[in-house]
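Notes for the one structure printed next.
In the numbering used here, the protein residues as written are 5 to 555.
Structure below.
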């Protein structure tokens with residue numbers, strides 16, 4: 005009976021919000037629960053409010069962009085003004101008049117804007133909702149403020165890692181990228197190290213992560229708003245602000261499907277690429293398959309603050325993991341990490357430090373950023389690039405992946421133009437190196453030099469040709485899997501597997517090809533194409549039944 009009365013109350017509130025007995029949401033009421041019907045109706049009610057606030061936000065960002073462009077172009081502008089004698093007494097008078105006129109126009113504009121906002125009911129309601137949620141975050145105040153899209157700095161913090169006790173101890177594993185040098189080598193390297201430091205901390209980090217550029221965020225602003233709106237309206241997502249251990253704010257979106265889809269109890273945490281945002285990124289792929297999903301923006305991307313240096317990236321994904329476990333209530337073993345491209349760095353770091361996760365899916369990911377950087381830069385500055393990457397942006401994906409003991413699936417794009425050293429050459433895809441390093445670490449007795457050469461041959465051809473190789477070598481999946489199950493049952497599933505010591509070369513070849521086919525899947529597409537939902541799957545692993553009987 006209580007649930008019936010609650011439903012009546014929700015319908016009453018919904019009618020009160022709509023101001024009528026039937027709306028677009030009401031017409032589809034039989035297709036959703038009353039709770040979600042109310043939430044959708046609330047969202048439709050405030051569509052105009054979101055649009056108005058977005059217009060305010062967009063105008064503010066245009067002024068900010070003009071200001072930044074003025075700063076960056078100031079040396080050129082000052083030179084032109086000096087050449088045209090604007091720094092003479094007469095010129096300074098003219099410039100003062102011009103600056104005064106601009107100042108008066110800005111003051112009048114801000115004054116008129118203030119009057120407009122003060123008389124606008126939507127903006128007054130927004131300020132009231134913002135004040136209420138700032139005083140006390142409750143489901144009601146959160147729902148009220150979620151009806152608006154506004155500058156993220158004003159969004160309330162709902163999870164602050166600085167104020168919560170960690171549920172998981174992080175063991176920082178240090179990979180030393182540069183060998184020990186003597187005094188003479190240090191002196192010879194000093195100019196390169198100075199140049200590398202200046203390059204990375206000025207423009208270099210933004211070349212590696214272009215999504216942190218203000219101009220990119222400005223250009224994509226309306227697209228990102230549309231993406232967020234879709235997450236909220238279509239997927240019933242909820243936006244959160246997370247504060248990391250180093251004080252950055254993270255812009256995140258959570259879509260909960262625990263009570264509506266069979267896969268909903270599994271959470272997929274999505275790590276975007278170097279110009280990817282959760283609003284328009286890979287988050288849509290697991291959502292289409294029915295998984296609960298948590299997207300987040302890199303430091304400096306969208307509403308997130310900071311700069312995507314490796315340390316800030318690590319703190320960001322750590323905060324996301326803690327948020328998923330402690331705030332959202334997911335168990336570590338029910339979390340899958342899904343990463344695209346450079347997102348593999350944060351994904352493998354999280355997998356290394358949270359080894360009990362369900363699995364790791366790496367799409368179009370490389371093993372090491374240095375070969376890709378050297379391939380894009382002039383050869384003459386190679387030494388500077390080497391020092392810059394190794395000392396400041398050492399995205400050591402493969403080294404971190406090798407520390408993770410759980411299930412892994414690598415997805416390779418057959419026409420990848422970004423992480424391939426040579427366009428159109430499958431053998432130059434850096435994902436191949438990631439697979440080879442992983443298999444060699446996990447199955448050292450299977451992969452001798454001859455098997456690694458066979459693996460190179462396998463990875464240099466298309467999917468159809470790979471299938472031909474499997475048939476030609478008479479690779480029997482059931483037989484290979486049975487051998488692995490027998491080993492895991494007798495010993496353990498802990499890597500490395502010591503299986504293969506007594507294998508003949510032909511048997512090692514079969515097992516090598518079988519493992520490669522299970523750990524890596526090919527997708528016929530370029531680097532930036534959205535991964536089809538049917539290609540998203542949980543990684544393969546050796547399953548050992550408790551009642552397994554040896555044969």
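Even glycine gets a Cβ: it sits at the ideal position worked out from N, Cα and C. All figures in this text were calculated on a predicted structure; none of them were measured in a lab.
- In the three-state scheme derived from DSSP, where H, G and I count as helix and E and B as strand, residue 279 is classed as coil.
- Excluding the 5 residues flanking it on each side, residue 260 has same chain C-beta neighbours closer than 7 Å at 296, in chain order.
- Inter-residue distance for residue 131 and residue 232 is about 21 Å (C-alpha atoms, whole angstroms).
- Per DSSP, residue 514 is one residue of the alpha helix (DSSP H) stretching across 509 to 523.
- Note: residue 242 is bridge-paired with 258 in the DSSP secondary-structure output.
- In the three-state reduction of the DSSP assignment, residue 493 falls in the helix class.
- By alpha-carbon distance to residue 451, the top candidate from 292, 487, 515 and 404 is 515.
- Bridge pairing for residue 299: 257 and 274 [DSSP].
- Cβ neighbours of residue 501 within its own chain (closer than 7 Å, five residues either side excluded): 446, 447 and 491.
- Contact holds between the segment 284 to 300 and the segment 537 to 546, because three or more Cβ pairs, one in each stretch, are under 8 Å apart.
- Here residue 379 has 425 as same chain residues with Cβ atoms under 8 Å from its own Cβ, once five neighbours each way along the sequence are excluded.
- Distance between residue 82 and residue 389, taken at the CA atoms: about 33 Å.
- Collapsing the DSSP output to three states places residue 343 in a strand.
- Residues 259 and 291 of the same chain have their beta carbon placed closer than 7 Å to that of residue 239, with the five preceding and five following residues left out of the count.
- Counting along the chain, residue 365 sits inside the beta strand (DSSP E) bounded by residues 363 to 367.
- Taking every protein chain shown into account, the CB of residue 190 has fewer than 16 other CB atoms within 10 angstroms, so this residue is exposed.
- In the structure shown, residue 119 falls within a helical segment according to DSSP collapsed to helix, strand and coil.
- Close CB contacts of residue 328 within its chain, under the 8 Å cut and outside five residues either way in sequence, are with 271, 273, 298, 334 and 339 (chain order).
- In this structure, DSSP gives residue 163 an extended state, which the three-state scheme calls strand.
- Residues of the same chain with a CB within less than 6 Å of the CB of residue 140, apart from the 5 flanking positions on each side, do not exist.
- In the structure shown, the three-state DSSP call for residue 186 is coil.
- Of the other Cβ atoms in all chains shown, 16 or more fall within 10 Å of the Cβ of residue 416; this residue is therefore buried.
- If you draw a straight line from the Cα of residue 244 to the Cα of residue 342, it is about 20 Å long.
- Burial check for residue 346: the Cβ neighbour count within 10 Å reaches 16 or more, so the residue is buried.
- Residue 85 sits in a helix when the DSSP states are folded into three classes.
- Distance check between residue 310 and each of 213, 512, 237 and 420 places 213 closest, using alpha-carbon atoms only.
- Boundaries of the alpha helix (DSSP H) harbouring residue 391: 386 to 396, taken from the DSSP string.
- Proximity to residue 336 across 433, 356 and 382 peaks at 356, based on C-alpha coordinates.
- Nearest C-alpha to residue 165 among 331, 294, 97 and 522: 331.
- Setting aside the 5 residues that flank it on each side, residue 432 is surrounded in the same chain by 424, 425 and 426, each with a C-beta closer than 7 Å to its C-beta; the list follows chain order.
- Less than 8 Å separates the beta-carbon of residue 323 from that of residue 248.
- Boundaries cannot be given for residue 329, as no beta strand (DSSP E) includes it and DSSP labels it neither H nor E.
- For residue 505 and residue 439, the gap between their C-alpha atoms comes out near 21 Å.
- In the three-state reduction of the DSSP assignment, residue 414 falls in the strand class, which pools E and B.
- For residue 526, the pairing in a beta bridge is given by DSSP as 416.
- By the CB criterion at 8 Å, residue 443 and residue 519 fall inside the cutoff.
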